[in-house]
Every structure is written in structure tokens, then in C-alpha cells.
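Engineer:
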Amino acid sequence: MPPQSEPSPFTPQIVRGLSDKLYEKRKAAALEVERLIRDALTTSDHARISAILRTLIDDFAYSSLPNARNGGLIALAAAAIALGIADLSRHLDAIVPPILSCFSDQDSRVRYYACESMYNVAKVARGDILKHFNEIFDALSKLSSDAEPSVKNGAELLDRLMKDIVSERAVYWAPTQLEGGPESLRKAAEQPTSPTVGSPSTNPVQPAVPPLPGTVPLLPGMKPNQFNLPRFIPLLAERIHTLAPFTRTFLVQWISVLDSVPDLELIAYLPDFLDGLFNYLSDPNIDVRVATLNVLAEFLKEIRDVVETQRSRGALKIRGKVTKPSNGRTHRRAWSDAGPPPPYSVGGIHDDDVNEKASVKSLTISSGPEPVESPIVSSDDQIPAAHNAGRQEAKLASDLSEKPSNEAIDGSQPYVPGLSVVLDIGRMTEILIPHLMSTDEETQATALRWINEFIILAREVMLPYTPMLLNAILPSSAHSVNDILLHSVETNSNLYKLILDLPTNSLPSGEPQVSVDASQGGPRAITVTPPAEETAFTPPASHTNGAQLDSIDLHATVDTLTLQFQDEREETRVAALEWLLMLHKKAPRRVLNSDDATFQALLRTLSDSSEEVVKRDLQLLAQVSQHSDDEYFSRFMVNLLSLFSTDRRLLETRGSLIIRQLCLSLNPERMYRTFAEILEREEDLEFASTMIQNLNFILITAPELADLRRRLKNLDSRDGILLFTALYRSWCHNAVAVFSLCLLAQAYEHASALLTLFADLEITVNLLIQIDKLVQLLESPVFTYLRLQLLEPDRYPHLFKCLYGILMLLPQSSAFATLRNRLNSVSSMVFMFSGGAGMSAGLPASTLSDSSPRGSVSALGSRTRPKAGEASPPPQVRWNELLQQFRSVQARHERSRRLGGRGSVPSLDRSGNSKRRVRSSRADEMNGGDDSPSLPHLSGGHGSGDHSRTMSPTITRERSGSFASSSGGRYSRVGSGNTGGSPGRTSSESSRVVRKTTAPGFGVRRAQ
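To convert, note that position 625 of the sequence shown is 674 in our numbering; the numbers rise steadily by one, no gaps.
1) So what does DSSP say about Pro61, is it helix, strand or coil?
2) Val640 and Leu651 look like a contact to me (Cβ under 8 Å); what is the Cβ gap, rounded to whole Å?
3) Can you tell me which of the three DSSP states Ile289 falls into?
4) Pick helix, strand or coil for Arg971, following the three-state DSSP scheme.
5) Where does Leu485 land, buried or exposed, given buried means 16+ other C-beta within 10 angstroms?
6) Excluding the 5 residues flanking Thr358 on each side, which residues of the same chain have their C-beta closer than 8 Å to its C-beta?
7) In whole angstroms, what is the alpha-carbon distance linking Ser674 and Pro637?
8) Which of the three DSSP states, helix, strand or coil, is assigned to Gly66?
9) Using a Cβ-Cβ cut-off of 6 Å (strictly less than) and excluding sequence neighbours within five positions of Tyr329, which residues of its own chain qualify?
10) Taking DSSP as the reference, what is the three-state secondary structure of Gly467?
11) Please identify the residue among Ala786, Ala800 and Ser801 whose C-alpha is closest to the C-alpha of Leu826.
12) Kindly identify the DSSP beta-bridge partner or partners of Val219.
13) Do you know how far the Cα of Phe648 is from the Cα of Glu811?
14) Rounded to a whole number of angstroms, what is the C-alpha to C-alpha distance between Ser68 and Arg175?
15) In the DSSP assignment, find the alpha helix (DSSP H) that holds Ile106 and state where it starts and stops.
16) For Ala1081 and Arg722, I'd like the C-alpha separation in whole angstroms.
17) By Cβ distance, which residues of its chain are closer than 8 Å to Pro524, with the 5 residues on each side in sequence left out?
18) Using a Cβ-Cβ cut-off of 6 Å (strictly less than) and excluding sequence neighbours within five positions of Ala737, which residues of its own chain qualify?
19) Do the region 799-810 and the region 833-845 touch if we need at least three Cβ pairs shorter than 8 Å?
20) From this set, Ile533, Leu715 and Glu502, which residue's C-alpha is nearest Thr488's C-alpha?
21) When you compare the CB positions of Pro516 and Thr606, do they come within less than 7 Å of one another, or not?
22) Which residue marks the beginning of the alpha helix (DSSP H) containing Met167, and which one marks its end?
23) Just to confirm, is the Cβ distance from Leu506 to Val356 under 7 Å?
24) Can you find the residues in the same chain that come closer than 8 Å, C-beta to C-beta, to Ala527, ignoring five residues on each side of it along the sequence?
25) Pop quiz: Gln939 and Ala800 are said to be a contact at Cβ under 8 Å. What is the actual Cβ separation, rounded to whole angstroms?
26) Just verifying my parser: in three-state terms, what is the DSSP assignment at Gly363?
27) Under 6 Å Cβ to Cβ from Ser331, same chain only, skipping five residues before and after it: list those, please.
28) In whole angstroms, give me the CA-to-CA distance for Thr695 and Asp354.
29) Is the number of C-beta pairs between the region 305-314 and the region 196-204 that are closer than 8 Å three or more?
30) Starting from Leu790, trace the alpha helix (DSSP H) in both directions and tell me its first and last residue.
31) Inspect the beta-carbon positions of Asp177 and Asn274 and report whether they are closer than 7 Å.
32) Helix, strand or coil: which one does DSSP assign to Pro56?
33) Just tell me which of Phe59, Asn119, Ile352 and Ile63 has its CA closest to the CA of Ile98.
34) Taking only three categories from DSSP, how would you classify Leu472?
35) Determine the direct distance from the alpha carbon of Gln795 to that of Asn870, and round the result to whole angstroms.
36) Return the residue from the list Arg709, Gly475, Ala96 and Ile101 that minimises the CA-CA distance to Ile63.
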């Protein structure tokens, strides 16, 4: 309050009029105040003007009476009109704060008159009001959500006026316009704002508007009547996170207006408020969403235009990911297509402490319409957002001070929008990544659109963000919303192609540090160096070759892709595996190894429900094996067999697919040799027998193993003998498999010798099922050569003995009939070669004993004699040792079954009948006897629970169809219903048998 002794500049009538509740009387009193100020201006009595303003502020604007505050606001507007533009600027610091304080008044009429008063003041002050722009903007942002319509209308009028003023007075900073050194700029930014000399001070008891972000004082040389964007951005960045829809609309409108002013280059500050704009896309208010989408689309178009403009002029300036080398100093990667940047633009990224002692050229500010060299203001996230405009300008100015003195800096070059803008793509990418995983569809689609555009425009700058981008993009590759799906697929494809086109380097191992040194010439590429060193940029040969694969954190990328294996969407898992395939091709020694968790995850993925995922997984595992040594390959095979051993369902459902796919990518012989070596030492005999059975079935039937089958048939060569011997030792775990291997290798004499050993084996259900499948395989194209050899009984006598031996083992089933019909069809050939003796069951022993051209097949398996002039035969196969190996392995299986171990198989003589009784019964069956016992009796109808426990998985596997034929399990009623000693069955009888035996339980009761 003024001292009591000081007389009031107003008459009592003016004082009463300003406090009157009627608007007309307050207006009349305000007009009297305007007249008093005009009179004082006529006599240049500035002291009287200051006294009038002080009285209006202290006695009226800050009064506790609403009507007095209304009168004071009207009088302050009248005073501003009376002062005019010439004298208002020196008193503006006193007039604006009390009006701003009334913006938050509880009385809606006071708030309305505050808007009206500020409107009149700003209309007179024009550019001078921009000194208080941040405070006015903050107040308007709050009034935009006011509940009173009249207040909102008044605020909108003031808002439109402020937009017009900003558009008129917009300026940008150029390095050549700086004045004073960096230290003076920094000190000026730290000093508080002091009122203009001669202007009245506000009442210290009545506080003005509290300090706001960005309300730093003007820098030296800056005109106060110009809009300074760096001071405004921190306030915008703070207010952008509001939740009120009207305030959001207000902010979006302002951003649109500022972006439409070309001189401001708002795009350089986009990272400061980009996150808030993307949050607006999920606003419930449709007007907010539509306005935000339009603004973001305009920004994205502007980014594209800036990059194209800079690239066409060879001055591309983009900021990338922040890295911290070992020296502890923070750098931000940059990419530039050009060599030295233009003399008035920011060509690179500089350290905070670079050239801070350098001299700085004089500073001048040019208004918006005037053509000036280029904008230099750009955001720097290494410095706090608020109160750093001075330091940024000083840093950029000091860099420019090193330019040669003879360069033209007179501003004669035309202004090109966006030419000197430094786009902080790296910071914007970090902001967008969380929005890529937003639950809001519009937000996610827009973020994907932006990231895709960044990948196309910035390219190498996006490489360090690969792990984070993949973690966000891949889950959207199977999105239900078509727009998101299309953008996700396109973004993933562009990023994939970007990395695929990268050249690889020869760095041995480890993740190198990326250091950036902005020299005077400007950066042109990213140089990857060891962590302890820091080198300058080297110019790239092309735009694509500027970065190496080392720009990507491969370890983090692989971990991210591995996590995608758990995604419920098949497309995501397939995409992750395709990425791993590509990365492993680019850097095979750095992406995967057999010891890390990723390799174990790949093995577990083999049990994935999607066949496409399994195929990609197998392709990757095979690719890793191709680039690894023998130790890794063996470890891979061991891990694969271990997986099959622990997950029998995987073996049943996907075993054939897995092995066949691996055979497409790897060497099948190497695989089978390694499998044989491992299974030969397998302690789990049941698993070894099952695995050998499966491997044998694949060996016989898979087209991928045709070459391997051809090699096995060639026992005349050393390689064929070694391959056959290696497989034989492991195949001994399964009697039918080793017999099939001998048929495949045409070692018929040895196969017939094996059949004689079958008499000492337990005739199990599983064994009969395998023999049944073998008979069907003999009718397949794979054994065409074998069936043709039946036409040459003189050359292949033991082949007949093998087939008749199988016939004797089989019960009278459809397989029995099939094989018998096949042998009967060539009986005439046997009769012809036997010298006319009639035969119906086989060749006489005198004819078949040594009918081979070589006299014996013990060496080469019933081959033709070598032609004259051929080389000496290869080393002989030690058949006796192989037979001993078969006996030894089968003896182990027999002991395991007797001990009830894991290798136990359901025996057919557990009902009290001896093995010899079982074999004699089989012979009676083959001869059509009526006393053939039925299989429920032989298969242990009174057996223990062991039988059902071992037989049930076998039958289940046959029904699953992965490795079994349709004839599996048809022996449960062999011999029953067979009248007249007929050795065969009708097709209807066989079908009934199949239907009965495929029922659960297989007629075996569990022991009670």
C-alpha cells in the first residue's frame, strides 16, 4: 500500500466508480483514468503515470472486493490504450502480472474481465507482450477448460490474438547472430529478470504468477518483442501431459500454428512434446484424436521433406542413439551424407565441453519475414530441458567460430526451410518404441507408421534400436486389426532388409564401443572402434556401407528374438526364427553357440505345435551346425536324442519331420553315423530300440535319404562297408531294424543267419508289428530291386530263405497272405532253376546252399562277380563279429526285460508256455493247423501289469501314424475263426481284426 501521506491520483468519484457494481459506471471511471494518463503523457510526467498505475494495481487489481478488481482490470486496459505502443513497453512489466493473477480468480466475472483486459493490452503492445508469452500461454491453457462459457469465449479471443502476434514476430537463431562469449550467455541466463528502469514495482506482498518452465530472461542482444521458441518449448513439454480434453485441444492447435510458421522450425524440438501427442491418440474425445492425427501426419511429412532437402544438398544431419564410451563422456551418434557441413548449419554432434573458450561472433536477431541464413536451435537431451537455451546457443556459436574468416556470412544466401535442422531421430525412436506396444489401436498403428518411415529415411541411425524395435514389432505381425498388421509386416520387412544389406566386418569378438568425434570437417560415418580408443569418422563408400553389423547389439537382439518363441501367435515365432537365420548368416560366430540359453530354447521349440515353426527351427539348428566344428555337431545330436528320450510324444508326433528336415540341411550320412555312435552306448535300452526303429523307418522311406540308401547297397566299396558296419552295431538294438538294414544292403545270407537267431528271441507283440510293417515296406517302391531279384533265384538264393523265414514268423494275417502271394508268384521260377523238382514252399537246401556266383555271401552279400580288369575287392565285412554283436545286444535287452527295467517288452510266453511251444505253435499256424492258439492267450491274457504298461505305448504309437503302418496291432485274434486250415484270410476278416485290435487296452488286463 502507498504511504498515507502520498495523495491519491484519483478523485473520489473515480474511486467510487471503479468499485461500483455496475459495469457502465466502472467503464466511465476507466475512461477518466485514460484521460488522466493522456494528460500526463502530454506533459511527460512519467512519475504521475507510475503513481496512477501503482494505485490501480495495489488498490484495485489486488483488492479483496470483486467489483474493485473488475474496475482495476478495466482501468489497466484503459491505461494501456492511453500509453500507446511507444510508452507501454516501459510499463508493461507492471501492468501484466496483476492481470495474470486475476486469470485464476474464483469469480468468473473477474476471470472474464482479466481476459478482456489482457486482450486490450496485447492488442496495443503487440510484439512487446511476447516477453510475457509463457505466463499468458500457461494461463490460457487453464482457461481453455473453464466451466463458464463467457470466460472460455474471452480466452479464445485472447488466444487468437496471441497466435497472430506470434506468427508476426517469429524468429530463429543462427550462429552468425550470436554476441558475446558462452560465459556471458550462461551468466545472463542465470540472472533474474529485473524490471525496466522507471517502471513501477509490483506490491511485494501480492505475489505475481509463480515461476514457470522456460521463463528465463532474454539473452543479450535479443529483442524483447520477438517470439523466442527455445524459451517456450520447456513449458509446452510440461503442459503437454495434461488430461483435460479442452486443454489438449488448445495445445494441439498451438502446436499446429507454430509448425505452420516456417521461420520457427518447430520440427527440431519435436522430441520434447512428441510423447504427449501420441498419448492424445487414445483420448476419449474424438476431436482431440482427429486434431492430433492431423498434426502428427503433418510432422511426419515435414520430417520426410527435411531429409529429402538435406540429402539433395549433401547435408543430411540426423542424431542417433546415445552411447557412453569407456572414457565416461556421453556421445550421440550422428549420420551425415555430406562432408563438411554448410558454414551456417549444425553439421554434427559436439561434446558439451568442446571449444567453450572460443570467441563468438556478434549476435543479431532477424525477424521472421526477413531471409536469414539458417536456423541452428536444436534440442539437446544431454542438458536439462529448462534454462539451457543459452548454453545450447553458446555451444553452437563456439563451433561456428572456428570457420574460416573469409566465408560469406552476410546472409545473402536464400533461406531454405529445413536445411539446417538437426533431426533427433534417435530420441524420437526411443519415445515411439513404448507406443508400438500400446493397447490403443490408433496409437500403435501411428507409431508403426512413424518407425517405418524412420527406417526408410534414417537407415543406419535405426540400427542400435534393433532389439527394442523387434520386441515391439514382431508381436504385431499377427494382429487382428488389418491396419496394424500391414504396417507391422512392412516395418519388419524394411528393418530386415536394412540389416541384411549391411556389410560384415572382421572384428573377432566382443561388442565394440561406438565413438563419435565431431571434427571441423563434420562426421560422415559411424566408426566402430575398440572400447579403449576413440577415432574420428571416415567417409563411407556409399550410404548403405556407412555402418557395420557391429552397430547392432547382437546379444540383446538374440535374447529379444528368443523371448518371442513364447508368443502365442505362430507368425511371431516364425518371424523370430527367420531373423535368427539371417543374423546367424551375417555373424555365425557371434549369434549362437551350443552353450547359451538360446540353443536350448531352439531345442525346446522343436516341440512347438506349428509345423512351420519346427521347420524354421530345424533350419536354424542345421545352419548353426554347418558353421560349427565336429564337437558342436556331436553335442547337437546328443541333445536332440536326449530331447527325444525325455519327450516321447515329440518323438512320436514330430520325430520323422525333425530328422527328415535335418537331413535336407545337413549331411545325412554324418547324422546317421553320429546317431549310431551315440545309440550304441545308450543305457536306456527301450529308448534305443524305439529310436533305432524310427531311424530305420526313415532310412527306408524318406526321399531325403535316397543317396544314403544307394551307398548302403554298394558294399563293394570301402565307404559302403564302413557305413553299413557303423549302422549295424547300433541297429542291433532292434532285431527287425537290423534285418531290414541287411535287406537294404542286399546282405541276404547274413539276413538269413539273423533269422535263425530270432528263434532265441522273445516273440513280442512289438516284434510282430514291426515284421508286419516290414512286409508292407517290401511292397513299396523302395524295395523294387529286391522283388526283381526274386526272378534270379540262382544269384540270390538266400533272399528266398529270408522271405520264407519272415513268412514263418508271421501269424496268418493280411501281411502273411501278401508275402505268401508274392512268393507264390515266382514259384515257377524257383521250379525252373531247381531242375524241375516241384516246390511250393521254397528251394531245396541242395539248390540254395551255394548258388551264389561267388559261392558265398559271407563277404559281399550275394553280389555278382567282379569283371575282368577291375580292382581288387575292398576289405571283407566281418560277419561273424557282427552276429556276435547282435547276440550281445539282444542278450542285454533280454536281461533288461527279465529284470523289469525300462527296456521291458511284452513277452508272448508269460502265460506258462515255453518259447519252443510258441515257435511250434507259429509253425502249426503256417501249416494251417486248427490247434493254433489265439494271441490273447499268447500275449499274456493272464499277464502282469508290466505287459499293459509296455504294450499300450506301442499300440498308441501305431495309431498315431508317425512311424507305423495301418497293419499295426492286428495279431490279437490270430488263428481264431480260421477253419479248414486255410493259411489266409479274407479282406473282411482282416478289417475286423484291425478294428478290434486298435481298441484301447489291446485285450491286456492290468494286474490287480
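Each residue gets a CB set at the ideal place from its N, CA and C atoms; glycine is no exception.
Structural biologist: With the structure as the only source:
1) Helix.
2) Contact flag wrong, Cβ pair sits at about 11 Å.
3) When secondary structure is reduced to three states using DSSP, Ile289 falls in the coil class, being assigned neither helix nor strand.
4) For Arg971, the predicted model reports a pLDDT of 36, less than 50, meaning its position is unreliable; a value from the coordinates is still stated below. Correct three-state label for Arg971: helix.
5) Leu485 should be labelled buried.
6) Closer than 8 Å at the Cβ level, and outside the excluded window around Thr358, lie Val465, Pro466, Gly467 and Leu468.
7) In a straight line, the C-alpha of Ser674 is about 10 Å away from that of Pro637.
8) Three-state DSSP puts Gly66 in a helix.
9) Excluding sequence neighbours, Tyr329 sits near Arg297, Val337 and Thr341.
10) Judged by DSSP in its simplified three-state form, Gly467 adopts coil rather than helix or strand.
11) Measuring from the Cα of Leu826, the nearest candidate turns out to be Ala786.
12) The displayed chain sequence assigns Ala, not Val, to residue 219. In the DSSP output, where bridge partners are listed per residue, Ala219 has Phe276.
13) Whole-angstrom Cα-Cα distance: 42 Å.
14) For Ser68 and Arg175, the distance between alpha carbons rounds to 29 Å.
15) No alpha helix (DSSP H) holds Ile106; DSSP gives it neither H nor E.
16) Residue 1081 lies beyond the stretch modelled for the chain, which goes from 50 to 1057, so this question has no answer here.
17) Only Met486, Gln613, Asp616, Arg618 and Thr621 meet the Cβ criterion.
18) Excluding positions up to five away in sequence, the list reads Leu728, Glu731 and His782.
19) Verdict: no, contact absent.
20) If you compare the alpha carbons of Ile533, Leu715 and Glu502 with that of Thr488, the shortest gap goes to Ile533.
21) Result yes, Cβ atoms of Pro516 and Thr606 sit closer than 7 Å.
22) It spans Ser157 to Ala174 - the alpha helix (DSSP H) in which Met167 sits, taken as one unbroken run.
23) Going by C-beta atoms, Leu506 is nearer than 7 Å to Val356.
24) Exclusion of the five residues before and after Ala527 leaves Leu534, Arg618, Glu619, Glu620 and Thr621 as the residues of its chain whose Cβ lies within less than 8 Å of its Cβ.
25) 15 Å between Cβ atoms; not a contact.
26) The answer is coil: DSSP assigns Gly363 none of H, G, I, E or B.
27) For Ser331, same chain residues with a beta-carbon under 6 Å away, outside a window of 5 residues either side, are Asp489 and Thr492 in chain order.
28) Looking at the two C-alpha atoms, the distance is approximately 59 Å.
29) Touching, no.
30) For Leu790, the enclosing alpha helix (DSSP H) starts and ends at Ala784 to Leu793.
31) Yes, the Cβ-Cβ distance between Asp177 and Asn274 is below 7 Å.
32) The three-state reading of DSSP puts Pro56 in coil, since its state is none of H, G, I, E or B.
33) Out of Phe59, Asn119, Ile352 and Ile63, Phe59 has the C-alpha closest to the C-alpha of Ile98.
34) DSSP places Leu472 in strand when its eight states are reduced to three.
35) Rounded to whole angstroms, Asn870 to Gln795 spans 22 Å at the Cα level.
36) Per the Cα distances, Ile101.
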